[in-house]
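Read through the structure below, which is laid out as structure tokens, and then see the notes.
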Amino acid sequence: MCEIGDIIVIEKYKDGDQELTKHSFVVIQNEEGCIRGLNFDIIALVMSSFKDEKQKQRKLQYDNFPIVPNDEDLTQGNAREGYIKADQFYYFQTASLQYQVIGKIKEDILSLLFEFINTELKEEPKLIIDNLKP
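Just so we're aligned, residue 0 is where the sequence shown starts under numbering that gives the first Met the number 0, counting upward by one.
Below, the structure is given as structure tokens:
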């Protein structure tokens, strides 16, 4: 089971009609629950890296939480400056998910992320349940 703050790489996941592969997420909840009649046991947020300074400025205009390599303890993976999409909550059931834990967000940064989610989001988070099976 994943712990809150774990950085995981998910092999395959869905976002609407798109099927995406190999992407990093940070776990923000690991308690079992039910949303719209579907069971889940983790909620995670997508992590992405900045390609260049221009993209960084553009992405930070949205509800994205910036991170730097020192904010993470990684056993593997890239250690680049990036962001967490704080307004997109992905719901997963780990029993049907291929993933690997590659690190952890540092405690103080995780606290700042939760504060950002609770006080800074411009709109309600998008709840993405496309990966849950009835």
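Beta carbons: idealized from backbone N, C-alpha and C, even for Gly.
Every value quoted in this text rests on a predicted model; they were computed, and no experiment measured them.
Please state whether DSSP places A43 in a helix, a strand or coil. By one-based count along the sequence shown, residue 43 stands at place 44. In the three-state scheme derived from DSSP, where H, G and I count as helix and E and B as strand, A43 is classed as strand.
Length of the line joining the Cα atoms of N130 and K105: Counting from 1 along the sequence shown, the entry for residue 130 is found at position 131. Counting from 1 along the sequence shown, the entry for residue 105 is found at position 106. C-alpha separation (whole angstroms): 27 Å.
Quick one, are the C-beta atoms of K55 and F64 less than 8 Å apart? Residue 55 sits at position 56 when you count from the first residue of the sequence shown. Residue 64 sits at position 65 when you count from the first residue of the sequence shown. For K55 and F64, no; Cβs fall outside 8 Å.
Taking the C-alpha atoms as reference points, what is the distance between A94 and Q87? For the purposes of this step, residue 94 is taken as the residue at position 95 of the sequence shown. For the purposes of this step, residue 87 is taken as the residue at position 88 of the sequence shown. Here the alpha carbon of A94 sits roughly 21 Å from the alpha carbon of Q87.
Does the separation of the CB atoms of Q99 and V26 fall below 8 Å? Looking up residue 99 in the sequence shown gives position 100. Looking up residue 26 in the sequence shown gives position 27. Not in contact: Q99 and V26 (Cβ atoms no closer than 8 Å).
Please report the distance separating the alpha-carbon of I127 from that of Q60. To locate residue 127, count along the sequence shown from 1; it is residue 128. To locate residue 60, count along the sequence shown from 1; it is residue 61. I127 and Q60 have their alpha carbons spaced roughly 22 Å apart.
Going by CA-CA distance only, name the one from Y89, L120, N117 and S110 that's closest to K13. The sequence position of residue 13 within the sequence shown is 14, counting from 1. The closest CA to that of K13, considering only Y89, L120, N117 and S110, is found on Y89.
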